[in-house]
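Under the UniProt record's numbering, the residue at position 59 of the sequence shown is numbered 59, and the numbers go up by one with no gaps. Input: a single structure, listed below in structure tokens.
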Amino acid sequence: MKKRVLLLLPLFLGACSDGGESPIIKIEKLSVKVDSDNNSVEGEDYANKMDNLPTLKVGDEVEALLLLDGNGAELKTFKLQNDEELATKLIYKEEEVSTEGNLTDEDKGQLRFKDGVTQSQVIVRATIEHVDENGDVKLEFYLSSKAECEGAEEVIGLKTTNEKEN
1 MKKRVLLLLP
11 LFLGACSDGG
21 ESPIIKIEKL
31 SVKVDSDNNS
41 VEGEDYANKM
51 DNLPTLKVGD
61 EVEALLLLDG
71 NGAELKTFKL
81 QNDEELATKL
91 IYKEEEVSTE
101 GNLTDEDKGQ
111 LRFKDGVTQS
121 QVIVRATIEH
131 VDENGDVKLE
141 FYLSSKAECE
151 GAEEVIGLKT
161 TNEKEN
């Protein structure tokens, strides 16, 4: 019996090595709302052309619609790790997220999913609050599933400037 279990062990361990069960974060929509009297860049979808994102300044807002997929497994946690230059807000389906304990903490950008949730959508709104000298700001996301696999990571790089428009 031990030999049979040992023979099956590589199948279970290898299931994730080919990416078959690793969760997926897909950016479905990415929009920008520029805080400007003259030049609004609202409404354009940058999900498939992130290199074309405009340079942002204090007050500008980015909204990302994310599709979270357990890829056959139940979702476990979603974590938003953003730079201190951003004020962020998560919008999600409350019926899919657990409120037990302190596993879900919106202020820290962390969601813990209820049992049975294999796909979800989360909207992340980020407002530029501060611009430092290097001008690079990142929105980083991490998703884990209940499968014994590595989680998924996604990063949205934002260019910022201190310059005021005339």
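Ideal Cβ positions, reconstructed from N, Cα and C, are used throughout, including at glycine.
Would you call the CB atoms of residue i and residue j closer than 9 Å?
i           : j           : result
residue 161 : residue 85  : no
residue 136 : residue 158 : yes
residue 22  : residue 76  : no
residue 64  : residue 118 : no
residue 89  : residue 126 : yes
Under the assumption that residue i contacts residue j (Cβ atoms under 8 Å), give the Cβ distance between them as a whole number of angstroms.
i           : j           : result
residue 57  : residue 156 : At roughly 17 Å, the Cβ-Cβ gap does not stay under 8 Å, so residue 57 and residue 156 are not in contact.
residue 97  : residue 113 : 6 Å
residue 122 : residue 142 : 12 Å between Cβ atoms; not a contact.
residue 109 : residue 79  : 6 Å
Taking DSSP's pairing of strands, which residues face residue i in a bridge?
i           : result
residue 92  : 122
residue 201 : This structure gives no information on residue 201, because the portion of the chain shown stretches from 1 to 166.
residue 147 : Beta-bridge pairing links residue 147 to no other residue.
residue 55  : DSSP output for residue 55 lists no bridge partner at all.
residue 104 : Beta-bridge pairing links residue 104 to no other residue.
residue 138 : 157
residue 127 : 61, 87
Can you give me the Cβ contacts of residue i inside the same chain, cut-off strictly under 7 Å, excluding the 5 residues immediately before and after it?
i           : result
residue 116 : 74
residue 83  : 137, 138
residue 103 : 112
Identify, in the order they occur along the chain, each residue of the same chain with its Cβ nearer than 6 Å to the Cβ of residue i, setting aside the five sequence neighbours on each side.
i           : result
residue 147 : 21, 73
residue 24  : 69, 71, 152
residue 154 : 25, 141
Excluding sequence positions up to five away, which residues of its chain have a Cβ less than 8 Å from the Cβ of residue i?
i          : result
residue 45 : 29, 30, 31
residue 52 : 46
Following a CB-centred definition, is residue i positioned closer than 8 Å to any heavy atom of the ligand GTP?
i          : result
residue 98 : Because no ligand of any kind appears in the structure shown, any question about the ligand GTP cannot be addressed here.
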